[in-house]
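Residue numbers (the UniProt record's numbering): 1 to 99.
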């Protein structure tokens, strides 16, 4: 299954409605992580940008997932790119310890 990276921009300021949606957004992201739909979820330290790595059949399927994010209506500059290579330390077998 292809892997895509989604780059997104968060709003410059957060209103009460945005903040109230954060717990449901995190629950949804955690569900997607558990289902292996989302591989990586990251937000920059200044909370202005985010990156989500998603496994899906095509970019339309990725767009459909992103549109389900509770915070979707607050996101701008959503970009979806299919990855040719996606390798990470967490996807490798753990090191064997003979202790």
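Note that the Cβ used here is the ideal one computed from N, Cα and C, for glycine as well. None of these values were measured; they are calculated from a predicted model.
Backbone secondary structure at residue 4 - three-state DSSP: Reduced to three states, the DSSP call for residue 4 is strand.
Closest residue to residue 69 among 21, 17, 90 and 11 (Cα-Cα distance): Of the candidates 21, 17, 90 and 11, the residue whose Cα lies closest to the Cα of residue 69 is 21.
beta-carbon residue 39 near the ligand COA non-hydrogen atom, thresh 6 Å: In the structure shown, the ligand COA is absent, as is every other ligand, since no ligand is present at all.
Nearest residue (CA-CA) to residue 9, options 25, 85, 74 and 84: Looking at the Cα atoms, 74 is the closest of the given residues.
Three-pair Cβ contact test at 8 Å for the segment 47-62 versus the segment 2-19: The count of Cβ pairs closer than 8 Å, one atom from the segment 47-62 and one from the segment 2-19, reaches three, so the stretches are in contact.
C-alpha gap between residue 24 and residue 34, whole angstroms: Each residue's Cα considered, the two are about 15 Å apart.
Residues that residue 41 bridges to, as DSSP identifies them: According to DSSP, residue 41 bridges with 52.
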